[in-house]
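Numbering (this note's numbering), first residue to last: 33 to 749. Backbone N, C-alpha and C fix where the C-beta goes; we use that ideal spot for every residue, glycine too. Bear in mind that the values here come from a model prediction, so they are computed numbers and not experimental data. Remarks on the structure that follows.
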Amino acid sequence: MADQEKPGVELPPSSLSHKDLRMLCLDNDLSISGKKSVLVERLLDAGVSWEDLGLESEEEHLEQEELILEESEPMDVEEPIEELVAEIEESEPMGVEEPIEEDEIFEAEIIEEIKPASTTKITKEESQKDFFKTLLTPKALLSFIIVGLLIGSLFWYVYSQPEPFTADKLRYGDSMTFSISNGNLLIEGEELVEQIAHQLNAEDKMCGKIEVDYVGTGSVTVTEGGSIEIANQPDDSKLGAVQKKGSFGETWLTLEQRYEYNFDDVDIATNTPIANKCSSTTLGNLNDNQAQISVDSWTEIRNQELLRSDIGYEFQGGDLGSIRGKTVTYGLDNFGEVLQNLIPGIALAFAPIELDKLLEGAFLSEGVSGEKWNWNWTVAGTDEVGGKETWKIYLENTEVSERCFGSAKINLWASKDSPWPVKQYVDLKISNFDEDRTSCSKSLLEQVGTTLFDIEIPQGRFNLEMMLMETSFTSGGDLVDWKETYSNRPAPGQGHLTPTHNWKNNNEIHMPDNSELREYTIEETIKCVNETIPNSDLITKLDAGAYIWRAIDDRSNSAMTYWNLSWVDPADQSGWALIEIRDTIEGEDYCEIDGSGIYESQSIAHNSDSISITNSLTELETRILDSNKFPELSGTNGIIATNGELSSETQIGYLVLTPNDDLNEILDLINRDDGAVSFDLQRNYEQDGWDVSVELLVDATNGRIIGWTQSSTQNIE
């Protein structure tokens with residue numbers, strides 16, 4: 033962090049939000065970059081009063097400081113960890129002027145951000161810079177998945193008869209191409225635009241408002257699997273289905289569908305920052321942009337439930353550079369069930385749905401109506417489209433309107449010959465500005481985002497209009513044979529790991545590690561600290577009944593391993609310790625505590641009786657490294673462990689969530705009375721000129737893959 037970005041004096045916290053402080057900076061022609069404490073000091077220097085900044089009076093603050101000094105023993109106060117982290121992150125070639133901090137909505141966390149109250153100074157900043165970035169976002173994966181699904185859900189909105197008829201059912205080999213015209217997307221709102229600009233690494237190019245005009249083409253295809261896909265079946269009755277591995281590495285027969293979108297002419301107009309202030313009149317144009325988006329889904333043919341979905345994207349910008357990524361999720365069980373409840377009709381983001389599924393086999397005629405996934409639909413009458421007689425169907429999303437988010441409307445033109453609309457018009461007007469929603473409560477998405485992930489959903493408005501028109505349709509062969517069983521179908525529980533480690537009965541203080549692949553396990557690290565630093569706060573707390581609810585390692589420096597261990601004691605006080613462990617010249621283990629602190633506020637409560645029975649880290653590692661079960665993760669081109677080898681650039685960790693007042697509603701959603709324990713792996717590496725980041729999330733109780741994200745940014749250095 034640059035010197036001017038550090039607060040020069042100790043100030044009381046401001047009751048104003050980060051957004052409010054930046055607006056005050058704009059009003060006073062001041063730079064809006066920096067943390068809350070930096071903005072407060074900058075505004076004070078400009079003459080803004082303490083009262084206007086939401087600070088307690090200067091006299092009260094000084095009196096309190098004097099009282100504290102009189103009642104407290106002298107102690108050395110080291111530099112706060114948030115400043116150290118910001119310095120570390122500033123040294124990274126991120127291309128972002130403003131550091132990521134706790135107040136900004138693009139921070140991705142599973143649990144409430146916890147700020148240490150006091151720490152010792154961290155002395156090995158260079159070797160730890162990536163580690164601290166990961167430490168402060170320990171469960172970024174699920175937030176990335178949510179963002180991916182939010183983006184993906186938009187693309188169902190984008191694509192979601194003269195006689196009465198029932199919409200045609202899917203056939204293996206069905207395919208349709210379509211044109212995308214009159215596409216216009218208008219986005220307004222400082223927070224929302226700031227989030228988008230950050231994702232595109234374009235903070236210096238866009239602010240305030242973004243308007244996107246685009247045209248393109250698309251296609252949807254139902255795969256017709258060959259005979260090799262049913263080689264383990266006694267006959268060819270399932271011909272057309274495709275084999276796909278599930279979340280436990282087991283093989284199922286599925287219906288495979290693929291949607292592709294090619295936006296070959298994307299023009300972006302936006303307000304531009306001038307002298308650190310967003311201009312309301314100056315529009316910049318970012319032209320020559322292209323984007324490709326794909327949605328692949330696999331639905332098990334026996335129970336007709338989603339097995340897996342992949343959302344892929346690639347963006348090439350003449351002015352914005354190139355990014356690409358992929359989000360993979362398995363089914364809608366447990367954590368996926370949360371996501372389905374968070375966003376209206378979110379299942380459509382996983383697997384684009386055909387008309388028959390939306391209309392549920394309704395016999396279409398004028399006036400017929402129904403409801404599905406929070407969408408009310410009504411058949412309005414007949415219309416001719418491209419020489420075909422169709423029924424025109426109006427859809428409106430009730431959740432969007434009832435929550436005062438605006439309106440979401442889609443017009444469909446359905447013919448008897450196609451399982452998809454031959455024409456579709458989309459009209460979305462969405463806003464979550466407080467002034468637009470005075471009569472509505474927060475949605476479940478907003479409640480969960482605030483409570484569990486410490487994410488404030490960015491405020492803004494966006495309008496989307498576009499027209500889709502069928503350009504060709506090819507009818508497939510056999511109808512998809514739903515609901516019929518098949519040979520060699522996985523049995524219930526097949527592939528599940530059996531958890532054996534009971535924290536309650538065994539008085540465990542951490543999730544068992546026992547790995548033979550990594551040089552230093554959690555057990556070895558705690559043993560070393562216990563033998564060499566027995567009077568440390570960490571050991572004192574663990575001896576008094578504390579347990580470790582979050583652990584994450586860093587092995588990027590081959591000479592040593594870092595473990596960051598977060599603990600909570602029976603009094604619900606929580607803290608952390610950063611431990612370095614390595615070999616001495618004599619070959620003995622040497623460890624030291626490089627940093628430690630107490631968390632000021634938290635959602636974690638001591639509740640060892642409610643910790644789930646889990647597997648060990650080594651059992652979960654072994655599961656992930658099985659290239660036969662998960663070739664994408666650990667095969668020849670495995671994104672986590674190439675050729676089954678766990679490299680030093682891959683970090684491993686776990687997180688424990690137990691019931692408390694803040695998390696009970698979330699645990700109810702995932703049907704977990706006894707809390708949840710997750711295992712995560714994170715890897716950052718360079719490949720063919722791209723900087724690649726991968727994050728994987730696993731249920732530690734049974735070894736189920738929840739999902740992963742992979743994002744890449746072109747390295748232009």
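CB contact below 8 angstroms: His542 versus chain B: The structure shown contains no chain B; it holds only a single protein chain.
Simplified DSSP assignment, three categories, for Trp722: strand
Start and end residues, alpha helix (DSSP H) containing Trp535: For Trp535, the enclosing alpha helix (DSSP H) begins and ends at 535–538.
Collapsed DSSP secondary structure at Phe176 in the structure displayed: With a pLDDT of only 40 at Phe176, under 50, the local geometry of the prediction cannot be trusted, and the value read off the model is given with reservation. Three-state DSSP puts Phe176 in a helix.
Where the beta strand (DSSP E) through Lys461 begins and ends: 455–463
Ile228 versus Glu222: straight-line alpha-carbon distance, rounded: Rounded to whole angstroms, Ile228 to Glu222 spans 10 angstroms at the Cα level.
Rounded separation between Ser659 and Gly676 - CA only: 6 angstroms
Reduced DSSP secondary structure (H/G/I, E/B, other) of Lys277: strand
Contact check, Pro751 vs Thr646, beta carbons under 8 angstroms: Past the boundaries of the shown model lies residue 751; the chain is included only from 33 to 749, so the question cannot be answered.
Spatial neighbours of Gln746 in its chain, beta-carbon cut-off 7 angstroms, leaving aside the 5 residues before and after: Gly353, Ser354, Gly721, Trp722
Residues of its chain near Thr751, where Cβ-Cβ distance is below 6 angstroms and the 5 sequence neighbours each way are ignored: A question about residue 751 goes unanswered here, because the residues of the chain that appear run from 33 up to 749.
Glu332 and Thr286 closer than 8 angstroms at C-beta: yes
Selection from Lys270, Ser81, Arg736 that minimises the alpha carbon distance to Thr517: Lys270
Cβ neighbour criterion (16 or more within 10 Å) applied to Leu511: So Leu511 ends up on the exposed side.
Sub-8 angstroms separation of Asp328 and Asp342 beta-carbons: yes
Where Thr650 falls: helix, strand or coil (DSSP): helix
Asn215 to Gln324 span [Cα, whole Å]: Residue identity differs from the one stated: residue 215 is Gly in this sequence, not Asn. Between Gly215 and Gln324, the C-alpha separation is close to 15 angstroms.
Gln719, buried or exposed, once every other Cβ within 10 Å from all chains shown has been counted against 16: exposed
Cβ contact (3+ pairs, closer than 8 angstroms) linking the region 574–584 and the region 661–673: no
Where the alpha helix (DSSP H) containing Lys389 begins and where it ends: 387–391
Outcome for Lys455 when other beta-carbon atoms lying within 10 angstroms are tallied against a minimum of 16: buried
Sequence-distant residues of its chain with Cβ nearer than 6 angstroms to Glu612 (five each side left out): Met592, Tyr594, Glu624, Asp626
Limits of the unbroken alpha helix (DSSP H) element including Pro305: Run containing Pro305: none in the alpha helix (DSSP H); it sits in the beta strand (DSSP E), 283–306.
Pick from Asp569, Lys237, Gly509 that is closest to Ala301, judged by C-alpha positions: Lys237
Outcome for Gln526 when other beta-carbon atoms lying within 10 angstroms are tallied against a minimum of 16: exposed
Same chain, Cβ closer than 7 angstroms to Gly413, five either side skipped, listed in chain order: Glu398, Lys424
Local conformation of Asn408 per DSSP, three classes: strand
Residues that Val730 bridges to, as DSSP identifies them: Phe711, Ile737
Three-state class that DSSP yields for Ile219 in the structure shown: strand
Contact belief for Leu678 with Leu657 at Cβ below 8 angstroms, rounded distance in angstroms: 7 angstroms
Sheet register partners of Cys310 (DSSP bridge): Pro305
Lys171 versus Lys420 - alpha carbon distance: Residue confidence for Lys171 is low, a pLDDT of 34 falling below 50, so the modelled location carries little weight and cannot support an answer.
Inter-residue spacing [alpha-carbon to alpha-carbon] between Gly258 and Ile738: 29 angstroms
Under the three-state DSSP convention, the category Gln227 falls into: Looking at Gln227 - three-state DSSP - the assignment turns out to be helix.
Identified DSSP bridge partners for Ile558: Paired residue(s): none; Ile558 is not in a bridge.
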